[in-house]
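Chains as they are written, first to last, in the numbering used here: chain A, 1 to 284; chain B, 1 to 223.
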């Protein structure tokens with residue numbers, strides 16, 4: 001069953017257009033939502049969480065839209081952002097009290113257990129927490145209730161490698177029961193390489209690629225060689241040709257591999273490389 | 001119920017300023033009582049409400065874009081969010097009135113003097129306070145909760161100052177011509193209580209209209 005369904009989603013700003021985004025995310029999977037700064041990642045995620053209102057299109061989470069039942073829709077979403085969103089002067093007990101008031105499924109014991117396990121100091125105002133502690137607190141607030149969809153907007157930014165690994169482990173545990181899903185935007189594409197099942201790549205508000213991660217990796221080749229060896233037909237098929245000290249590097253759809261002669265080397269690309277070459281191609 | 005929880009969030013966010021308001025109110029009332037002026041009850045009242053109006057806009061001052069987003073994430077409707085903010089303002093106003101009454105009671109006990117604080121006066125002061133707060137909140141919701149912070153000081157202080165000076169002027173006039181004031185009171189007679197209740201009800205209607213207006217103004221807003 002599709003847990004998240006986005007249909008023809010658009011958002012018009014004065015200087016930016018998020019243009020006709022559509023995708024689905026089944027239960028039990030993680031989607032990596034990637035793109036450059038200003039590509040429209042946060043806009044999409046803010047539309048999903050209803051922090052922003054769409055200009056057109058529909059978003060279904062667990063079968064319902066926000067307009068149909070705002071409370072149930074929001075109950076089913078957990079959001080962790082790049083920015084820490086709890087008010088600065090709140091302490092852990094204030095957050096616990098507010099969440100208990102608002103969320104029917106909030107479990108105080110689970111929240112206390114997580115804050116204790118992660119050694120989050122209840123005496124401090126949250127503004128005095130480190131970045132890692134803030135991310136953990138946001139996770140505790142989300143994991144202490146029954147959500148279906150976890151929305152992460154560059155949540156691992158600024159975290160040290162140890163905490164980042166912990167976060168990635170948490171995400172895998174979160175979807176382990178096969179009933180919950182995660183949509184995860186990040187610039188650290190190696191994180192996605194480890195945990196994502198689907199990749200959605202957006203550039204300047206428009207969809208560039210959307211596929212299962214393994215399919216995406218299988219369907220592209222990283223080609224290297226000398227620039228002079230590129231002939232016109234290959235030139236047209238190569239994506240994002242970039243010169244370097246040893247010649248060139250580009251991405252080629254796997255189904256065009258027959259165009260490669262012995263003069264070229266090719267290998268399986270990383271998500272990072274695919275994204276970089278597609279951006280290069282788009283920017284000319 | 002969720003509106004009450006939003007009022008609670010506003011309280012937690014402005015907790016420090018809330019304590020400050022209580023302290024300032026107490027200090028001002030004590031100083032005023034030491035001056036041994038006449039009509040202490042009424043003046044106490046005005047101070048309490050004046051300070052409450054000034055502080056009632058504090059939640060807007062602490063509204064950064066990020067914590068507005070936090071409130072937006074909570075499972076509730078726009079109406080509940082807006083109604084919570086208005087409830088917060090009303091509770092603050094009632095606290096201001098409560099402080100004024102408590103100050104007057106303490107004054108009466110300590111000096112042995114009788115002070116006249118009538119129910120109609122309480123109701124009318126409450127009504128004026130509610131209308132001022134409603135206008136201020138409508139301004140902030142229309143301009144934008146976090147953007148409004150730049151204009152916060154002006155919009156926060158100007159109406160409460162007007163309220164304060166007008167009420168002080170009225171009290172001054174009464175002190176100057178008590179006979180005329182008494183005559184006017186007699187003329188109004190038994191209607192005074194009805195006027196007070198009518199004013200309070202009207203103010204609550206204005207507040208409900210304000211909540212509806214602000215809900216519409218913010219329903220399509222992005223955070």
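Note that the Cβ used here is the ideal one computed from N, Cα and C, for glycine as well.
- Take the alpha-carbon of residue 89 of chain A and the one of residue 126 of chain A: they are about 6 Å apart.
- Contact of residue 71 of chain A with chain B is assigned, a C-beta pair being separated by under 7 Å.
- For residue 186 of chain A and residue 140 of chain B, the gap between their C-alpha atoms comes out near 35 Å.
- Fewer than three beta-carbon pairs drawn from the region 52-68 of chain A and the region 216-226 of chain A are found closer than 8 Å, and the two stretches are therefore not classed as touching.
- The region 46-54 of chain A makes no contact with the region 112-132 of chain A, as fewer than three CB pairs between them are under 8 Å.
- If you check the CB distance, residue 146 of chain A and residue 105 of chain A come in under 7 Å.
- Under the Cβ criterion of 7 Å, residue 102 of chain A is counted among the residues facing chain B.
- Distance between residue 175 of chain A and residue 27 of chain A, taken at the CA atoms: about 8 Å.
- In this structure residue 160 of chain B is not in contact with residue 91 of chain B, their Cβ atoms being roughly 17 Å apart against a cut-off of 8 Å.
- Taken atom to atom, the span from the alpha-carbon of residue 110 of chain A to that of residue 72 of chain A is near 21 Å.
- Nearest in C-alpha terms to residue 129 of chain A, of all of A/276, A/53, A/278 and A/87, is A/87.
- Closest in C-alpha terms to residue 86 of chain B, from the list B/5, B/107, B/43 and B/166, comes B/5.
- The C-beta distance from residue 154 of chain A to residue 82 of chain A rounds to 4 Å, short enough to fall under 8 Å.
- Residue-level contact check: residue 13 of chain B touches chain A, since one or more beta carbons of chain A fall below 7 Å from its beta carbon.
- In this structure, residue 75 of chain B lies away from residue 10 of chain B, with their beta-carbon atoms at least 7 Å apart.
- Counting other Cβ atoms within 10 Å of its Cβ, residue 201 of chain B stays below 16 and is therefore classed as exposed.
- Within chain A, no residue has its CB atom less than 8 Å from the CB of residue 159 of chain B, the nearest being about 26 Å off.
- In the three-state DSSP reduction, residue 44 of chain B falls in the helix class (H, G or I).
- Taking the C-beta atoms as reference points, residue 199 of chain A is found nearer than 7 Å to residue 32 of chain A.
- Of all alpha-carbon atoms in A/169, A/96, A/34 and A/7, the one lying nearest the alpha-carbon of residue 194 of chain A is that of A/169.
- Residue 244 of chain A counts as exposed, since fewer than 16 other C-beta atoms from the protein chains shown sit within 10 angstroms of its C-beta.
- Among the CB atoms of chain B, one or more fall inside 7 Å of the CB of residue 94 of chain A.
- Minimum Cα-Cα distance from residue 132 of chain B among the listed residues B/164, B/27 and B/112 corresponds to B/164.
- Rounded to the nearest angstrom, the gap between the Cα atoms of residue 173 of chain B and residue 217 of chain B is 41 Å.
- Cβ neighbours of residue 137 of chain B within its own chain (closer than 7 Å, five residues either side excluded): 85, 86, 89, 210 and 214.
- Annotated as proximal: residue 45 of chain B and residue 125 of chain B, with beta-carbon spacing under 7 Å.
- Bounds of any beta strand (DSSP E) do not take in residue 179 of chain A, whose DSSP letter is neither H nor E.
- Within chain A, the C-beta atoms nearer than 9 Å to that of residue 76 of chain B come from 70, 71, 74 and 102, in chain order.
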